[in-house]
Structures are given as structure tokens and as C-alpha cells.
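Asker:
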Amino acid sequence: MTGGEDAFRALYRAHTPALYALALRLTGSDQSEAEDLVQETWVRATRKMSAFRGESALRTWLCGVLVNVRRERVRSAWRMVGPLDVEPATPARDDTAFDLERAIAALPDGARDIFVLHDVYGYAHREIAELLGVVEGTSKSQLARARMLLRATLNLDEARP
Amino acid sequence: MTELPDDIRRALAELPRERQPDPALEDRVVGAVFPRRRGWAWAGVAAAAAVLLLVVAHPWSRPKPTGDTYALLLMVDSTYSVASPAELRRREHEYGLWADSLAALGKLDLAGKLVGHGELPVDGLFIIRAANDADAERIALTCPHYKYHGRIEVRRYIQ
Numbered sequence: 280m281t282g283g284e285d286a287f288r289a290l291y292r293a294h295t296p297a298l299y300a301l302a303l304r305l306t307g308s309d310q311s312e313a314e315d316l317v318q319e320t321w322v323r324a325t326r327k328m329s330a331f332r333g334e335s336a337l338r339t340w341l342c343g344v345l346v347n348v349r350r351e352r353v354r355s356a357w358r359m360v361g362p363l364d365v366e367p368a369t370p371a372r373d374d375t376a377f378d379l380e381r382a383i384a385a386l387p388d389g390a391r392d393i394f395v396l397h398d399v400y401g402y403a404h405r406e407i408a409e410l411l412g413v414v415e416g417t418s419k420s421q422l423a424r425a426r427m428l429l430r431a432t433l434n435l436d437e438a439r440p
Numbered sequence: 007m008t009e010l011p012d013d014i015r016r017a018l019a020e021l022p023r024e025r026q027p028d029p030a031l032e033d034r035v036v037g038a039v040f041p042r043r044r045g046w047a048w049a050g051v052a053a054a055a056a057v058l059l060l061v062v063a064h065p066w067s068r069p070k071p072t073g074d075t076y077a078l079l080l081m082v083d084s085t086y087s088v089a090s091p092a093e094l095r096r097r098e099h100e101y102g103l104w105a106d107s108l109a110a111l112g113k114l115d116l117a118g119k120l121v122g123h124g125e126l127p128v129d130g131l132f133i134i135r136a137a138n139d140a141d142a143e144r145i146a147l148t149c150p151h152y153k154y155h156g157r158i159e160v161r162r163y164i165q
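Residue numbers (the working numbering), protein chains in the order written: chain F, 280 to 440; chain C, 7 to 165.
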């Protein structure tokens, strides 16, 4: 094993759990696609490491690379329509517990990306617009749509008018 | 803008920020990041580049396989993820790159697809060299076949 590979494995172990969690959320819990995203992110990141200026935390930069990889794959990849795309969201909320992850996974791709980045990871609309190559207005409208769908999925409007 | 209730926002903030992927992913990623690290050693040494590339690129220069012989039988049954013909071609290429990385390490004797349909849903075969059963299983775990929910049967070959 080379020193470079050792160093890379240390980086991989430090940051991959966070990248994988983000990838899972962006892909609607598609493990295979999430693993592909993480792999492509590391390949891309190691090629672009010289572009990392240290202006943000390495993890934040890696997450940005992952979001970009995801955006490109969504645009170009042949995509299979999965059950989440065709089945209506079912209420998953009761008084004590609800499956928020499942509700996020049930969101449409575009709205889910923005919801995850904004409401889960705390990105600003300006940052999301830059990462996803959309205007801020799109980010805001997709977020509103995602929240509305999430409320419907979780039956929030019925539970708390 | 539509707002979410406070308890939902709190729950969102408390969602886990880390998830552990399949341990096999690490080797897969390392394999992708350092695809032919033996071959790329020439990169910073311009004078030796051509010679080294030639040496690494040719099968006769690859390390001679050593260790016990194992067969990895790639099973394609109902768990294997469905794919378009184009995607299957892409996967075959990916499997080929994986086989190349094994060959570069002196751990591959033979790789190929099996034609026809037998009783077992076996689609591919790799004959590898490994130090022992555990090593063979570890190598099998790095195969991209698992990514597509395929199964691999590992069998030691006894002459």
C-alpha cells in the first residue's frame, strides 16, 4: 500500500459517512445510487483537490462536489422509474413518531434536492442556486413545493390546521 | 413561504448527519481513485514514462499470480438489479476494470462471461489467487457485482 493510498483512506474514513448520508437523502435512500455518488465524488475530488482553497471546510467542499455530481447524473443518466415516483405518498405520521426520512425520500427529485440542502443541511438559497445552477427564485419555489408536499405526506395540515 | 412546524424543524435538525456505507465501498473507491497505481508511477518521471507505461500495459509484465486458486461465480438471480442493455454494457466495462485491477496485483488468472443457461444463474466467472478463504472473500467483496445486488459464490479450487 502506498503512502498516498494510506492518506486517502484516512480522508475517506473521516468524511465518507457524511457524504453517504447526504447522498442517501438526495437519492431518496437509493443505496446503490448513493454509493455511486460517493465514489464519483471522491474520484472527482481527488482530481480537483488543487481547486480546494481552504475557504470552506473540506467536508463542505466535498458535499458541494457531491451535489454537482448528483446534478450531472440526474441530467444525463438513464433513469429507472421507481415505486417512489409512481406511488402516491402515504400518511406516515402518528402522534408519537413519524418517518421523516421516508417522507423526504418520497419527494420529487428536484424538490428533494433543495429541501435537503436548505432545511436539513442549512444551505442558503444563494448557495443552492450556485451549486445546482438554478436561479434563487427556483430554489425558493421548489422549497415551498417540497414543504407543502412534506406537510401533505405527514398529514400535518389535518393534524394541526 | 410555507413553513414547517417547530417540532418538524427540530426533527430535521436532529436527523443523523452521518451514515456508514457498506464497508466494501472503501476498496471500490480506492480502486477507482488509484485505478492503476502501479502504472501511474511514471507520471512524475518523464524520462521513464514511456518505458514504464509499456511495461505496465502489457500482460507479460504483470505479476505472476500466486496463492491458492479460487473461483468467483457471479450469480445473477432475482435480486440482481434490472438494467437497460446500455447499462449492462457499462457494467461489463466496470467489471472489466475491476478484473484489470486484480490482474495488476497478480491476483487474477481468468475472467469472463458464461454463455448459455445452466441450472444455476451464473453469469460470470473469475478465477483468482488469494492467500486463504478470508482473503478470497475479501477480494470478492470489492467486486462491483455487489453494487447491483448480485451474489458471488466463492469456491476454492483443489487440483
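We put the CB at the ideal spot given by N, CA and C, even for glycine.
Please read these numbers as outputs of a predicted model, since none were measured by experiment.
Any residues in the region 27-41 of chain C with a beta carbon nearer than 8 Å to a beta carbon of chain F? Which ones, in chain order?
Answerer: Pro27, Asp28, Leu31, Glu32, Arg34, Val35, Val36, Ala38, Val39 and Phe40
Asker: Can you pull the chain F neighbours of Leu18 of chain C, defined as C-beta to C-beta under 8 Å?
Answerer: Leu379, Asp398 and Val399
Asker: In chain order, which beta strand (DSSP E) runs of at least 3 residues are fully inside the region 89-137 of chain C?
Answerer: 114-119 and 128-136
Asker: Name, please, each residue of chain F whose Cβ falls closer than 8 Å to the Cβ of Tyr154 of chain C.
Answerer: Ser311
Asker: Kindly indicate the opening and closing residues of the alpha helix (DSSP H) around Leu79 of chain C.
Answerer: Careful: Leu79 of chain C lies outside any alpha helix (DSSP H), inside the beta strand (DSSP E) at Asp74 to Met81.
Asker: For Glu312 of chain F, which residues from the same chain have a beta carbon less than 7 Å from its beta carbon, with the 5 sequence-adjacent residues on both sides left out?
Answerer: Thr306
Asker: Using beta carbons (cut-off 7 Å, strictly below), is Tyr402 of chain F in contact with chain C?
Answerer: No, because no Cβ of chain C sits closer than 7 Å to the Cβ of Tyr402 of chain F.
Asker: Strictly under 7 Å for the Cβ-Cβ distance: is Glu445 of chain F near chain C by that measure?
Answerer: Only positions 280 to 440 of chain F appear in this structure, which leaves residue 445 of chain F out of reach.
Asker: According to DSSP, Glu143 of chain C sits in a beta bridge with which residue or residues?
Answerer: Answer by DSSP bridge pairing: none, since Glu143 of chain C is not bridged.
Asker: Can you tell me whether DSSP reads Val36 of chain C as helix, strand or coil?
Answerer: helix
Asker: Have a look at the DSSP bridge pairing and note the partners of Arg161 of chain C.
Answerer: For Arg161 of chain C, which the question treats as bridged, DSSP gives the partners C:Ala77.
Asker: Which chain C residues sit within Cβ distance under 8 Å of Met276 of chain F?
Answerer: An answer regarding residue 276 of chain F cannot be provided, because it is not within the stretch 280 to 440 covered by chain F.
Asker: The alpha helix (DSSP H) with Val322 of chain F in it runs from where to where?
Answerer: Gln310 to Arg326
Asker: Might you give, ordered along the chain, the residues of its own chain that have their beta carbon closer than 7 Å to the beta carbon of Glu159 of chain C, omitting 5 neighbours on each side?
Answerer: Leu79 and Met81
Asker: What does the alpha-carbon distance come out to for the pair Arg34 of chain C and Asp315 of chain F?
Answerer: 10 Å
Asker: Nearest to Ala30 of chain C by alpha carbon, out of C:Arg161, C:Arg162, C:Lys153 and C:Tyr163?
Answerer: The option with the nearest alpha carbon to Ala30 of chain C is C:Lys153.
Asker: At which residues does the alpha helix (DSSP H) containing Lys419 of chain F begin and terminate?
Answerer: Glu415 to Thr432
Asker: Mapping DSSP to helix, strand and coil, what is Asp28 of chain C?
Answerer: Looking at Asp28 of chain C - three-state DSSP - the assignment turns out to be coil, as it is neither helix nor strand.
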